[in-house]
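Below: one structure, written as structure tokens.
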Ligand code: C2E
Ligand code: MG
Ligand code: MG
Ligand code: MG
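Residue numbers (the UniProt record's numbering): 330 to 623.
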């Protein structure tokens, strides 16, 4: 490779890139160990129905309890897990763990029957030929009602495997498993697939919710996205609600559900269980005024 650059030219050794490569290699090694040693944990972020301020479910979000570096965010390791293919094992574990937890909440009579669990799927998982079989197995093992399971897929995951995604979605629909399009508006954004794929839920990306209250832009694209989603029969979930003002606007726009730090950050199992047992003030369906959280 260096030779191809020709006489008199040197391939520059880039210490930054070298360090980065070593870090990635270390991360991959660590990830393999983490899978073996079960160093992952799932946190649960509440999803709230905006009309009645009612808790309707949780999104399962993976974290890594790294022995040296502490609790790591998925933003740090999911990309490497994707690249190395290790995401299929991690994703399978998260699905099993989340369904098992939902089952526990239901068995504890914690109002669980009405709760749903949302699980993120990566492109690599969608490309797996036996994914639906894996999901069937997890549902059978945990006794979770398929209607209580929501699978989140980003636009780019669909666009990377339109064929296998289409077949898979059809099989999931036959089982009444719910399908969400995650981070809507950040991907390839082709409106045509929105109605050609059997989707149930559209999650408006946090960036649109944030820009909604920027005075310069008015409410931006959010009203349009909500209208299109509703006209296609989709339920709308707004991501990343952080202020009471954003919430008020979303309610005025008839947005169905919301998720964000205003309600709650992702919680440990214990915290999530406590939330289900002791209804916090912002989940009181008799209240018209909202959140005290933050
Ligand atoms: P996502 O699926 O869009 O999940 C929402 C992310 O937004 C979460 O970040 C959540 O903590 C964060 N968030 C929620 N509300 C707010 C808010 O009000 N403000 C701000 N600033 N952030 C908020 P998290 O947990 O770090 O996850 C990041 C991404 O990692 C997820 O985005 C998802 O794409 C991926 N991910 C997480 N768990 C899994 C998993 O089990 N499998 C796969 N394939 N991906 C996962
Ligand atoms: Mg998600
Ligand atoms: Mg999202
Ligand atoms: Mg997101």
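Note that the Cβ used here is the ideal one computed from N, Cα and C, for glycine as well.
For residue i, the nearest candidate out of the options (CA to CA)
{"i": "residue 475", "options": "497, 501, 387 and 364", "result": "501"}
{"i": "residue 578", "options": "543, 561 and 564", "result": "543"}
{"i": "residue 436", "options": "472, 420 and 349", "result": "472"}
{"i": "residue 598", "options": "379, 389 and 444", "result": "389"}
{"i": "residue 559", "options": "484, 537 and 586", "result": "586"}
{"i": "residue 432", "options": "453, 458 and 477", "result": "477"}
{"i": "residue 521", "options": "499, 484 and 418", "result": "484"}
{"i": "residue 456", "options": "489, 481 and 596", "result": "489"}
{"i": "residue 359", "options": "387, 375 and 405", "result": "405"}
{"i": "residue 426", "options": "449, 413 and 443", "result": "449"}
{"i": "residue 367", "options": "540, 420 and 515", "result": "420"}
{"i": "residue 479", "options": "608, 470, 376 and 398", "result": "376"}
{"i": "residue 461", "options": "430, 505, 434 and 429", "result": "505"}
{"i": "residue 589", "options": "610, 350 and 373", "result": "373"}
{"i": "residue 516", "options": "459, 498 and 487", "result": "487"}
{"i": "residue 592", "options": "458, 384, 344 and 357", "result": "384"}
{"i": "residue 536", "options": "557, 555, 568 and 352", "result": "568"}
{"i": "residue 468", "options": "482, 498, 452 and 430", "result": "430"}
{"i": "residue 627", "options": "363, 418 and 428", "result": "Given a span of 330 to 623 for the chain in the structure shown, any question on residue 627 remains unanswerable."}
{"i": "residue 413", "options": "402, 422 and 452", "result": "452"}
{"i": "residue 572", "options": "541, 526 and 514", "result": "541"}
{"i": "residue 580", "options": "349, 378, 395 and 347", "result": "378"}
{"i": "residue 574", "options": "594, 553 and 539", "result": "539"}
heavy atom of ligand 1 below 8 Å from residue i C-beta
{"i": "residue 349", "result": "no"}
{"i": "residue 514", "result": "no"}
{"i": "residue 590", "result": "yes"}
{"i": "residue 407", "result": "yes"}
{"i": "residue 594", "result": "yes"}
{"i": "residue 404", "result": "yes"}
{"i": "residue 423", "result": "yes"}
{"i": "residue 374", "result": "yes"}
{"i": "residue 416", "result": "yes"}
{"i": "residue 603", "result": "no"}
{"i": "residue 557", "result": "no"}
{"i": "residue 420", "result": "yes"}
{"i": "residue 571", "result": "yes"}
{"i": "residue 483", "result": "yes"}
Cβ-heavy atom distance, residue i to ligand 3, below 8 Å
{"i": "residue 568", "result": "yes"}
{"i": "residue 326", "result": "Residue 326 is absent from the structure shown; the chain starts at 330 and stops at 623."}
{"i": "residue 392", "result": "no"}
{"i": "residue 479", "result": "no"}
{"i": "residue 532", "result": "yes"}
{"i": "residue 504", "result": "no"}
{"i": "residue 540", "result": "no"}
{"i": "residue 453", "result": "no"}
Expected contact under 8 Å - CB spacing of residue i and residue j to nearest Å
{"i": "residue 533", "j": "residue 551", "result": "6 Å"}
{"i": "residue 409", "j": "residue 392", "result": "Not a contact, Cβ separation roughly 15 Å."}
{"i": "residue 447", "j": "residue 509", "result": "6 Å"}
{"i": "residue 530", "j": "residue 564", "result": "5 Å"}
{"i": "residue 454", "j": "residue 416", "result": "7 Å"}
{"i": "residue 382", "j": "residue 612", "result": "6 Å"}
{"i": "residue 444", "j": "residue 386", "result": "5 Å"}
{"i": "residue 584", "j": "residue 557", "result": "Their Cβ separation, rounded to whole angstroms, is 13 Å, which puts residue 584 and residue 557 out of contact at 8 Å."}
{"i": "residue 523", "j": "residue 561", "result": "6 Å"}
{"i": "residue 492", "j": "residue 527", "result": "That pair is no contact at about 15 Å."}
{"i": "residue 511", "j": "residue 482", "result": "6 Å"}
| Sequence-ordered residues whose beta carbon comes within less than 6 Å of a heavy atom of ligand 2 | Screening all residues for a C-beta within a distance smaller than 6 Å of any heavy atom in ligand 2 leaves 388, 449, 481 and 511, in chain order.
| Every unbroken alpha helix (DSSP H) within the region 476 to 522, with a cutoff of 4 residues, ordered by chain | Whole alpha helix (DSSP H) segments, 4+ residues: 484 to 489 and 491 to 503.
| Ordered list of beta strand (DSSP E) runs contained in the region 366 to 447, each at least 3 residues | Runs found: 369 to 378, 383 to 395 and 399 to 401.
| Complete beta strand (DSSP E) runs within the region 551 to 618 (minimum length 3 residues, chain order) | Counting whole runs of 3 or more residues, the region 551 to 618 contains the beta strand (DSSP E) stretches 564 to 567.
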